[in-house]
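In our numbering, the protein residues as written are 9 to 365. No residue lacks a Cβ here, since even glycine has one placed at the ideal position from N, Cα and C. Here the structure is a predicted model, which is why all the values come from computation and not from measurement. Below: one structure, written as structure tokens.
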């Protein structure tokens, strides 16, 4: 077989299939490739030459290369046909629904085990930080607190105010039929302090901070910065995750208080438009809620903050190779965070019901 000219990507694309078909048809016991006329060869051309040698080795036949220029021969030596005797094939599609279900269940089990291991490691790291607070990098904690807290105030203010406004208008319509529009204040106060304030704050944190944590740690993993930290004897969880978790725990209750205030302000606007004075609205709010309602909402917020920061960091540390993996990790962190927040909120509702709160 004699090859001449340029073995670039365009020429290789035209030659690949005909040469492979020729080898399958002729089945030569000895293949001699004369490359005296080859004056240029790129990666595609080297791949073609390696493929010819590989096919001869698979068929247990002989192969010889002659006349290849020294600089091209040096490049070709970097590729051993023996390394490609078993060509990988794309993963077969599931044969049936049962196999697809089993694979999904196995992946879910692996994800659950990863979450359990990460929770244990994070718990030990937090306990170590509580025993020796000076080891915590507080400068990073305050920087993360600013990014996750101060920068989130505008969006939380807008959403909380509008939610309080909308809920008050929607509740005023049926209550007007019975002449008890003043009880809109009770509804807004209880729903914001016990439910909507903590839940909206947690979801906003999951969308902003949880995805940011996953993207930051995922980029560090792709750039092998996490491997460098491990090589220097610094475990990623105590060094990187603890600071982010502490920042989320510090800032989440403050953001929840701010969301509660803005939600009550939205309800006050509606009551003012209905002709009730502001002092009447405030007195009604004070009579409707107690410190237990506020404390219950803040307790939820602390748990939600742990979920948001923990899930974001977990998926960041689990980021796979490639630039698209960072986006996938951020997406999974937001989705998983919101799901776990709703599940935790349901568990809190059951717990508060049986405790009579």
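Notebook entry, point to check: Where does the unbroken alpha helix (DSSP H) through residue 305 begin, and where does it stop?
Noted result: Residues 299-325.
Margin query: Mapping the DSSP letters down to three states, classify residue 65 as helix, strand or coil.
Written below: Helix at residue 65.
Note to self: Tell me the rounded alpha-carbon separation between residue 62 and residue 123.
What the structure shows: Each residue's alpha carbon lies about 44 Å from the other.
Next item on the list: Starting from the Cα of residue 46, find the closest Cα among 16, 181 and 175 and give me that residue.
Entry: Answer by Cα proximity: 16.
Check: Shortest alpha-carbon distance to residue 43 belongs to which of 33, 56 and 35?
Finding: The option with the nearest alpha carbon to residue 43 is 56.
Note to self: In chain order, what are the residue ranges of uninterrupted alpha helix (DSSP H) at least 4 long that sit wholly in the region 80-144?
What the structure shows: Whole alpha helix (DSSP H) segments, 4+ residues: 105-139.
Check: Which partner residues does residue 70 have in the DSSP bridge list?
Finding: Bridge partners of residue 70: 38.
Margin query: Using C-beta distances below 6 Å, list every residue in its chain close to residue 148, excluding the 5 sequence neighbours before and after it, in chain order.
Written below: Within the same chain, residue 148 has close Cβ partners 251.
Notebook entry, point to check: Do you know whose CA, among 316, 326, 82 and 28, lies nearest residue 60's CA?
Noted result: Among 316, 326, 82 and 28, the Cα nearest to that of residue 60 is on 28.
Margin query: Going by beta-carbon coordinates alone, are residue 215 and residue 342 separated by less than 8 Å?
Written below: Their beta carbons are under 8 Å apart, which means residue 215 touches residue 342 by this criterion.
Check: If you pair each beta-carbon of the region 201-216 with each one of the region 332-349, do three or more pairs fall below 8 Å?
Finding: Output reads yes: the region 332-349 touches the region 201-216.
Notebook entry, point to check: Which runs of the alpha helix (DSSP H) spanning at least 4 residues fall entirely within the region 206-281, listed in chain order?
Noted result: Taking 4 residues as the minimum length, the alpha helix (DSSP H) runs contained wholly in the region 206-281 are 219-230, 233-239 and 250-281, in order along the chain.
Check: What is the C-beta distance between residue 153 and residue 245, in whole angstroms, given that I count them as a contact (C-beta under 8 Å)?
Finding: So it is not a contact: roughly 19 Å between Cβ atoms.
Checklist line | DSSP three-state assignment for residue 336, whether helix, strand or coil | finding: Residue 336 sits in a helix when the DSSP states are folded into three classes.
Note to self: Since residue 309 and residue 264 should fall inside the 8 Å C-beta cutoff, what is the C-beta to C-beta distance between them, to a whole number of angstroms?
What the structure shows: With 8 Å as the limit, residue 309 and residue 264 qualify as a contact, their Cβ atoms being about 4 Å apart.
Notebook entry, point to check: Any idea what DSSP makes of residue 161, helix, strand or coil?
Noted result: The answer is helix: DSSP assigns residue 161 an H, G or I state.
Notebook entry, point to check: Given 8 Å as the limit, is there contact between the region 289-297 and the region 184-202, that is, 3 or more CB pairs closer than that?
Noted result: The region 289-297 is in contact with the region 184-202.
Notebook entry, point to check: Between which two residues does the alpha helix (DSSP H) carrying residue 11 extend?
Noted result: No alpha helix (DSSP H) holds residue 11; the beta strand (DSSP E) holding it covers 10-15.
Next item on the list: Quick one: grab the DSSP three-state call for residue 176.
Entry: Note: residue 176 maps to helix in three-state DSSP.
Check: Are the CB atoms of residue 218 and residue 319 nearer to each other than 8 Å?
Finding: For the 8 Å CB-CB criterion, residue 218 and residue 319 form a contact.
Note to self: Just verifying my parser: in three-state terms, what is the DSSP assignment at residue 188?
What the structure shows: Of the three classes helix, strand and coil, the one that applies to residue 188 here is coil, per DSSP.
Notebook entry, point to check: Using DSSP with H/G/I as helix, E/B as strand and the rest coil, what is residue 50?
Noted result: DSSP, reduced to helix, strand and coil, places residue 50 outside both helices and strands of the structure shown, so it counts as coil.
Next item on the list: Report yes if the C-beta distance between residue 313 and residue 257 is below 8 Å; otherwise report no.
Entry: With a cutoff of 8 Å on beta-carbon distance, residue 313 and residue 257 are scored as near each other.
Notebook entry, point to check: Using CA coordinates, which residue listed in 359, 361, 302 and 230 is at the minimum distance from residue 332?
Noted result: Selected option, being the one with the closest Cα: 230.
Margin query: Given this structure, state the Cα-to-Cα distance separating residue 138 from residue 129, to the nearest angstrom.
Written below: One C-alpha to the other measures close to 14 Å.
Checklist line | Backbone CA spacing between residue 110 and residue 340 [nearest angstrom] | finding: Looking at the two C-alpha atoms, the distance is approximately 21 Å.
Notebook entry, point to check: When the Cα atoms are used, what is the spatial distance from residue 205 to residue 176?
Noted result: Between residue 205 and residue 176, the C-alpha separation is close to 15 Å.
Check: Looking at C-alpha atoms only, which residue of 31, 183, 53 and 334 is the closest neighbour of residue 13?
Finding: Minimum Cα distance to residue 13 is reached at 53.
Notebook entry, point to check: Beta carbon of residue 60: closer than 7 Å to some heavy atom of the ligand FAD?
Noted result: The ligand FAD is not part of this structure, which contains no ligands at all.
Check: So residue 249 packs on residue 133, CB below 8 Å; how close in whole Å?
Finding: 7 Å between Cβ atoms; contact.
Check: If we ignore side chains and look at the alpha-carbon of each, how far apart do residue 253 and residue 359 end up?
Finding: Rounded to the nearest angstrom, the two C-alpha atoms are 25 Å apart.
Notebook entry, point to check: Just to confirm, are residue 324 and residue 225 a CB contact at a threshold of 8 Å?
Noted result: Going by beta carbons, residue 324 and residue 225 fall inside the 8 Å limit.
Checklist line | Paired residues, beta bridge with residue 45 - DSSP | finding: For residue 45, which the question treats as bridged, DSSP gives the partners 12.
Next item on the list: Enumerate in chain order the residues of its own chain whose CB-to-CB distance from residue 181 is below 6 Å, with the five nearest sequence positions on each side excluded.
Entry: Excluding its 5 nearest sequence neighbours in each direction, residue 181 has no C-beta neighbour in its own chain below 6 Å.
Margin query: Can you look up residue 76 in the DSSP assignment and give me helix, strand or coil?
Written below: In the structure shown, residue 76 sits in coil (DSSP, three-state: anything other than H, G, I, E or B).
Next item on the list: Could you tell me how far apart the beta carbons of residue 70 and residue 39 are, in whole angstroms, since I believe they sit closer than 8 Å?
Entry: With 8 Å as the limit, residue 70 and residue 39 qualify as a contact, their Cβ atoms being about 7 Å apart.
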